[in-house]
Amino acid sequence: MVMNLIVNILAESWELLQEASIYILFGIVVGGLLRVFLNPMTVVKHLGRGHFASVFKAALLGIPIPICSCGVLPVAASLKKQGANNGAVTAFLISTPESGVDSIALTYALLDPVMTVARPCTAFLTAALAGVAENLFHRVGKRTSVGPNLACTVDNCCDGLDCPPEEHSQHHGFTEKLTFGMKYAFVELWGDLAGWFFIGLFLAGAITTLVPDDFMTMYLGGGLLAMIIMLAAGVPLFICATASTPIAAALILKGASPGAALVFLLAGPATNIASLAVLLAILGKRATAIYLAAISVVAVICGLALDETYSFFGLSAKALVGQAAELIPVWIQLGGAVILLAVSVRPVYRALLARLDSARRGKPSRKSAAVLQPNSPLAAGASANDAGCGTPT
298 MVMNLIVNIL
308 AESWELLQEA
318 SIYILFGIVV
328 GGLLRVFLNP
338 MTVVKHLGRG
348 HFASVFKAAL
358 LGIPIPICSC
368 GVLPVAASLK
378 KQGANNGAVT
388 AFLISTPESG
398 VDSIALTYAL
408 LDPVMTVARP
418 CTAFLTAALA
428 GVAENLFHRV
438 GKRTSVGPNL
448 ACTVDNCCDG
458 LDCPPEEHSQ
468 HHGFTEKLTF
478 GMKYAFVELW
488 GDLAGWFFIG
498 LFLAGAITTL
508 VPDDFMTMYL
518 GGGLLAMIIM
528 LAAGVPLFIC
538 ATASTPIAAA
548 LILKGASPGA
558 ALVFLLAGPA
568 TNIASLAVLL
578 AILGKRATAI
588 YLAAISVVAV
598 ICGLALDETY
608 SFFGLSAKAL
618 VGQAAELIPV
628 WIQLGGAVIL
638 LAVSVRPVYR
648 ALLARLDSAR
658 RGKPSRKSAA
668 VLQPNSPLAA
678 GASANDAGCG
688 TPT
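Each residue of the sequence shown is one higher than the one before, starting from 298 at the first, in my numbering.
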């Protein structure tokens with residue numbers, strides 16, 4: 298009985314893995330390219346001035362970058378140290394964990410085009426409103442801006458002070474940067490996400506196998522109560538945007554409304570108890586309260602609006618789930634799943650070893666999931682121990 302149950306859960310999880318594999322690989326590659334070719338010095342320069350422009354830029358910047366709610370904290374701390382205003386930091390803190398190229402690609406694979414558009418748009422709206430509100434309430438005094446870190450982001454070959462940018466540009470060619478970006482993507486970036494992704498995949502398989510359809514329809518089929526339930530479940534949950542996507546797909550297949558799933562996709566990755574504690578130290582009580590209020594209110598309102606959108610156009614979220622994956626031939630899906638499993642063996646194995654080691658010592662293990670390395674301008678001055686998420690260890 299138990300063995301059959303486990304087999305069914307694993308079978309459902311394997312089906313989801315095949316549907317998602319190609320899109321996940323695409324997101325990983327784009328994440329690696331962002332790491333190498335996105336100029337953090339330019340980013341910092343645009344986030345320090347203005348109540349509105351800096352916030353919109355920060356919110357937009359956070360959409361494609363794949364960092365979870367804890368991994369984004371040291372990056373945000375560095376942005377603040379580099380001179381970014383509170384509103385821009387708040388906006389970046391919201392839009393970054395709620396979205397990312399990997400989770401957007403996965404949303405398209407496992408959900409549908411409507412949700413794929415709604416997710417990053419709602420993340421941007423939430424981040425922009427919270428950031429503007431914080432800047433309007435916060436009286437900006439005289440601040441001392443720290444000069445940007447110009448050190449090489451590829452191999453730290455120079456600090457950028459004694460080596461001008463025009464000279465340093467000759468140190469690394471396109472092929473070398475591309476190689477570094479792919480190594481970063483499949484070793485560090487996916488290493489931080491792999492464990493959480495497979496946990497989310499297993500939970501999605503468990504929901505599909507164990508949860509009765511009528512239960513979801515009764516409590517999460519739509520309306521304000523469904524949104525509040527998903528908000529209450531998502532806020533304290535420790536989960537990243539990538540891992541939350543297969544769970545949302547399973548919820549919809551079992552009868553949850555797309556709006557309720559959207560609330561989970563927004564609240565789950567953007568908040569957890571650990572990150573909120575660090576937020577208090579970085580931004581203070583008022584900004585943290587605005588952060589939570591913006592996520593809660595906008596998520597619920599957009600969830601209700603999304604349900605109305607599906608209803609108005611006569612769309613069935615349940616019928617649309619996973620249709621994008623049907624465009625990919627089965628043999629390519631299978632190949633993608635095998636490749637994804639292959640590149641996940643090492644990080645998952647290392648996570649298990651770290652978990653066992655921490656259990657023996659009686660101490661929780663910690664690992665930063667920041668997308669930008671410590672020597673990059675966005676991560677400068679921020680300790681990896683400011684945040685404790687990444688691969689579950």
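In this text, a Cβ means the ideal position worked out from N, Cα and C, and glycines have one as well.
Just so we're clear, the structure is a prediction, and the values are computed from it rather than from any experiment.
Coarse secondary structure for residue i, derived from DSSP in three states
| i | result |
| --- | --- |
| L408 | coil |
| C418 | helix |
| T568 | coil |
| V618 | coil |
| N382 | coil |
| A553 | coil |
| I544 | helix |
| F349 | coil |
| I401 | helix |
| I360 | coil |
| S396 | coil |
| E316 | helix |
| L344 | coil |
| G328 | helix |
| G470 | coil |
| M298 | coil |
| G492 | helix |
| G478 | helix |
Neighbour-count burial assignment, residue i, 16 or more Cβ in a 10 Å radius
| i | result |
| --- | --- |
| A402 | buried |
| A377 | Sequence inspection shows Lys at residue 377; the Ala mentioned does not correspond to that position. Looking at its Cβ environment, which holds 16 or more other Cβ atoms inside 10 Å, K377 is buried. |
| N382 | buried |
| P394 | buried |
| F349 | exposed |
| S613 | exposed |
| D654 | exposed |
| E605 | exposed |
| S480 | Residue 480 is actually Lys in this sequence, not Ser. With fewer than 16 other Cβ atoms within 10 Å, it is exposed. |
| A553 | buried |
| N432 | buried |
| V369 | buried |
| R332 | buried |
| L644 | First, the residue type needs correcting, since residue 644 is Pro and not Leu in the sequence shown. Answer is buried; the Cβ neighbour count reaches 16. |
When the options are compared against residue i, the one with the closest alpha-carbon
| i | options | result |
| --- | --- | --- |
| G704 | S641, L408, A584 | Coverage of the chain is limited to positions 298 through 690, which leaves residue 704 absent and any answer about it impossible. |
| A503 | S396, P626, E309, L589 | E309 |
| W311 | L650, V484, M515, L498 | L498 |
| I544 | L562, S554, V299 | L562 |
| L528 | Q620, L589, P417 | L589 |
| L390 | L550, I362, R658, V618 | I362 |
| W487 | R647, P533, Q315 | R647 |
| S318 | S641, V369, Q630, V645 | Q630 |
| F477 | G329, T506, L603, W628 | G329 |
| G384 | C599, I579, P626 | I579 |
| I306 | A602, A634, F495 | F495 |
| F483 | M300, L550, Y405, I321 | I321 |
| A430 | T419, G565, A584, L507 | A584 |
| A564 | F323, T419, D399 | T419 |
Ordered list of alpha helix (DSSP H) runs contained in the segment 497-540, each at least 4 residues
Secondary structure remark: continuous alpha helix (DSSP H) runs of at least 4 residues inside the segment 497-540, in chain order: 510-517, 521-531.
At which residue ranges does the segment 591-646 contain complete alpha helix (DSSP H) runs of 4 or more residues, listed in the order of the chain?
Look at the segment 591-646 and you find these whole runs of alpha helix (DSSP H), each 4 residues long or longer: 614-617.
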